[in-house]
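Counted from 1, the sequence shown has number 562 at position 80 by my numbering; the numbering is strictly sequential.
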Amino acid sequence: MSEATNLPTSSLGWNLYGAGFESLGRDGKPEALPVSAPGPDQLLVRVDCVSLCFSDLKVLTAGDQHPKLVGRDLKANPTRLGHEASVTVIAAGAKLADRYRVGSRFAVQPDVYVQGKSTAYGYVISGALTQFHLMGPEMIDSPEGTYLIPVDDSFSAASAALTEPWACVDAAYTQRRRLEPLDGGSAWIDVAAEPRAELQWGRGSRAPKRVVITGASTALETRLRGLLRDGCEVIVAPSPSTSEIAAFAQSHGGGFDDVIAIGVHEPARVEALLATVAFRGAFNLVGRPAGALNVAIDAGRVHYDYIAILGTDSDDIGAAYGAARNRAELRSGGRMVVIGAGGPMGQMHVQRAIEMESGPSVIIGVDVSAERLGVLRDRFEPLAATRGRKLVIVEAADPAPVAAALAAHGAPNGADDVVVCVAAPPVIEGSATLLGDDGMLVIFAGAKIGTMTTVDIAPVASAARQYTGTSGSSLEDQVGIVERAAAGRLSPGRSVAAVGGIGTDRKSTRLNSSHTDISRMPSSA
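Here it is, written out as structure tokens:
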């Protein structure tokens, strides 16, 4: 074993024993936790910095009802928060000593998978709200490699820890949705009104292995069969009523990878069909509605399940698919709106847009807090000026002042991109009204699954609008952030709002308003 001298035998830490602040630590304080020397396939690390995230507050609020912890008895088997961390190796087990030298520094990627199952660090695996702890094979020798990303001395401890939330922000602009019919998957084609011209399926028609067709005429059914892959299982059934859709889907195998709605313009039916889309599935609205199509969508599923809502006003089903129709990156030279821009993640979205080589020309930062907006202005107006961008600050709780700001800055018909960092349904609904044609709405805030928000999805078909959302980041995403920061193209440390020690009182950390470094520094820091 390779080790520093005088290894610690105990560590202060904040274990979580259930829901609520009263279940964090012991009597509102960190407790002494035992620390052992590492086994052959373990590392003993010192936590140099852990920043607090709104996701930590969600776990703290939900306890063992959090999706990643359901079924776990936290009283008997506590976890520990802290997934945005930087660490230093102070001892390495015999099998790891040649790979991890004492003193080497790392940023932690928390999205850990063990045998294909999410086993996230700071959730399932006890996280970094402690001074020292052991890391085992699940963190070091996974099929992906190691979840520890080397950082050099150009990184402060806080900057290294903040590469994780930065990776989440950056991942919002990579194509996380599935934009082609799933090869070998299942599809449901529901027909309410047949196309006036002959139906086409020029892209992806040969992907599904099983297709259910409802509501189609004999002629259309024959046409569809001719477009599908050889050997595709085709099931033709009478069209279920809207109230029967859930049971119908269940009787045909559960969620569908692709749900294709041809001429379906009844809001309640669209809502019911959307609910049958599987994880990472796509809903394809084919045919232009005559007017608005206000539909309650599950914002939580769009965010966490990567549901793609696509559409086309042509008679070609395949025209809705593909990255060209469904971009992920911000529009070069466009007008961008960030709702909740004064918060930590909102500030990151603003900073990213300003620092992009070909980013938006105008960024409108919106928040309800004048204090937060003041911080946003002080931090980023000078940066925007040096990059030739315009940062516009709007204090508003409804869309009207934002729409006015867009009009005043060359976008009277709406924004190219709107990023929502607030999980409240009314905020998401108002944000959707700010989009122009070919606009993209990014639901970044983590509204829980089942959070319904009503938006007009007619422009998905008629004007190529997009409603998308992402959650978390991958190892590759965070490695990219570390590389950009090391090259001087990104300053993650701009997001630090407060610094405290392991015993810092929770009231001073402002969990819901800032990224806070709970490092090994003394509480008085």
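Backbone N, C-alpha and C fix where the C-beta goes; we use that ideal spot for every residue, glycine too.
Around the Cβ of PRO864, a 10 Å sphere holds fewer than 16 other Cβ atoms; the residue is exposed. Restricting attention to beta strand (DSSP E) runs no shorter than 3 residues, the stretch 498-545 encloses them at 513-516 and 525-533, ordered along the chain.
Within the model, the alpha-carbon separation for GLY985 versus VAL850 is close to 31 angstroms. Among the bridge pairs identified by DSSP, VAL937 is matched with VAL777.
In this structure the stretch 657-673 lies against the stretch 782-800, because at least three pairs of beta carbons, one per stretch, are closer than 8 angstroms. A direct Cα-Cα distance of roughly 5 angstroms separates LEU616 from LEU526.
The Cβ atoms of VAL909 and LEU923 lie no closer than 8 angstroms to each other. GLY918 sits away from ALA890, with the two beta carbons spaced by 8 angstroms or more. One thing to note: ILE845 has its Cβ no nearer than 8 angstroms to the Cβ of VAL876. The DSSP-derived three-state label of SER624 is strand.
Listed in chain order, the beta strand (DSSP E) elements of length 3 or more contained wholly in the stretch 678-727 are 692-696 and 715-719. Excluding its 5 nearest sequence neighbours in each direction, GLY609 has C-beta neighbours in its own chain below 6 angstroms: ARG562, LEU563, GLY564, HIS565 and TYR603, listed in chain order. Annotated three-state conformation of ILE789 is coil, per DSSP. Buried is the label assigned to ASN497, since at least 16 other Cβ atoms lie within 10 Å of its Cβ. Shown here, GLU748 sits in coil according to DSSP, grouped into three states, outside any helix or strand.
DSSP places ALA905 in the coil class of the three-state scheme, outside both helix and strand.
When beta bridges are read from the DSSP output, THR561 appears opposite LEU498. Under the three-state reduction of DSSP output, PRO632 falls in the strand class. A contact between stretches requires three or more CB pairs, one per stretch, nearer than 8 angstroms, and the stretch 966-975 fails this requirement with the stretch 800-817.
With the rule of 3 Cβ pairs closer than 8 angstroms, the stretch 580-587 counts as touching the stretch 627-634. Taking 8 angstroms as the cut-off, the beta carbon of LEU506 is found no closer than this to the beta carbon of THR612. Under the three-state reduction of DSSP, ALA579 is assigned to coil, being neither helix nor strand. In the DSSP assignment, PHE761 forms no beta bridge with any residue.
Within the DSSP bridge table, the entry for ASN766 names ILE742 and LEU792 as partners. For THR645, the enclosing alpha helix (DSSP H) begins and ends at 645-653. Runs of the beta strand (DSSP E) spanning 3 or more residues and lying entirely within the stretch 855-926 occur at 872-877, 897-902 and 917-925, in chain order. Per the coordinates, the alpha-carbon of PRO722 lies some 54 angstroms from the alpha-carbon of SER568. Assigned with DSSP and collapsed to three states, ILE984 falls in coil, not helix or strand. Remark: C-beta atoms of ARG688 and ARG711 approach each other more closely than 8 angstroms. For GLY500 against LEU556, the beta-carbon gap comes to about 5 angstroms, under 8 angstroms, which counts as contact. The beta carbons of GLY618 and GLN524 sit closer together than 8 angstroms. With fewer than three CB-CB distances shorter than 8 angstroms, the stretch 633-644 does not count as touching the stretch 761-778.
Under the criterion of beta carbons closer than 8 angstroms, ARG871 and ILE836 qualify as touching, at roughly 5 angstroms.
Under the three-state reduction of DSSP, SER668 is assigned to strand. Residues of the same chain with a CB within less than 7 angstroms of the CB of GLU811, apart from the 5 flanking positions on each side, are TYR655 in chain order. If you draw a straight line from the Cα of PRO592 to the Cα of ILE607, it comes to about 9 angstroms.
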